[in-house]
Structure formats: C-alpha cells, structure tokens
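Report on the following structure.
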Amino acid sequence: MEEKIENSTETKIESTNSENKKLEKTLLDDSELKKLDRKFYKYSWISFISILITLGFIALIITGTSPCLHTKCHENAMCINHPFKAECVCNYGYAGNGLDHCDECSVTYFEPNVMSYDKEAVPYSWPAYGVLEASYTDLIKIDTERVLVYLYYFCGVVIINRKT
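Residue 38 in the numbering used here sits at position 57 of the sequence shown, with consecutive numbering throughout.
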C-alpha cells in the first residue's frame, strides 16, 4: 500500500511540475509579446516622425524654389520667383505694388492722353493726374577734369487717394 501512495504522490508532483513549466512558458510568451509590442510602438513612432520630417523638407524645398505657388498677386500683375521670396510686379501699363493694386497708367510717352492746364485741381477730386518735367544741370569734377552733366526727362503722374 505504501507503494501506491508514493506513486500517486510522484504523479501529482510530476503533473504539478509540468503545469508549472506550461505556466512559465506562458509567462515567457507574455513577456516576449510585451517586448514585441514595445518594439512595434517604438518603430512606429520613429517611422511616423521620420515621415513628418521628410514631408517638412519637401514642403520647404517647394516653398523655397517656387514661392509663387503660395502668393496671390493682383490680376494685372505677374509673380517672379526668387529663393524663398515671391515678387509681384505690375504688368506693362500699370503701376502699383503688385499685391493689392495695379492701377492703369494714364500718361505714356507714345500715346499722350493728358492735356496741360495752368489751373488748380478741384479740391478733394481723385484721381489727380499730371505730367512731371524735370531737368538737372551740374558741373562735376572727375579726377582732374570737369564734366557738364545735363539730364532732362518727363514722367506721367497719377495720384490716387486710397484713404477715401
């Protein structure tokens, strides 16, 4: 009878040991899964951040090489690309800053359409226009010689009151 009791105890111990091994194996599997999860999250964050940095560089390159894509000029102006800067220039026959306004020039050398009056303008009448004539004469000393400089030009003028 004693043998039977010992056998049953050995069997119980063996079965308990095998259950412990299974439990240990399960615990190992869980810790390995946690390690894999940590690696996955680590690599997914690294890849997400690297994608954001890459997209930032691409946006910076596009903005730097062609800033006119993001700049809206006036309808009578054209955009000129400079590195990281867009320049709006009014078309021929227009004057202004190119962004907000480009006004049509009324006086040109080839097609004058302004008459000269020796009167004053009506107060608070806008736009005002006129012709500016200028001449410059001076004697300038260059090295040991004196040179006469004479400059004459005229320009059409349009004054627009943008505050009223």
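Ideal placement from N, C-alpha and C gives every residue a C-beta, glycine not left out.
Top-ranked residue by Cα proximity to Ile61, from Tyr75, Asp124 and Thr46: Thr46
Under a Cβ-count criterion, where at least 16 other Cβ atoms within 10 Å of its own Cβ denotes burial, should His51 be classed as buried or exposed? exposed
Among Ile123, Ala40, Phe135 and Tyr75, which has the Cα closest to the Cα of Glu56? Tyr75
When you compare the CB positions of Cys71 and Ala58, do they come within less than 7 Å of one another, or not? yes
Rounded C-alpha distance that separates Val112 from Cys136: 6 Å
Run through DSSP, which three-state label would His51 get? helix
Taking the beta carbon of Gly37 as the centre, do at least 16 other beta carbons fall within 10 Å, making it buried, or is it exposed? exposed
If you drop the 5 nearest sequence neighbours on each side, which residues of the same chain put their C-beta closer than 8 Å to that of Leu120? Arg127, Val128, Leu129 and Val130
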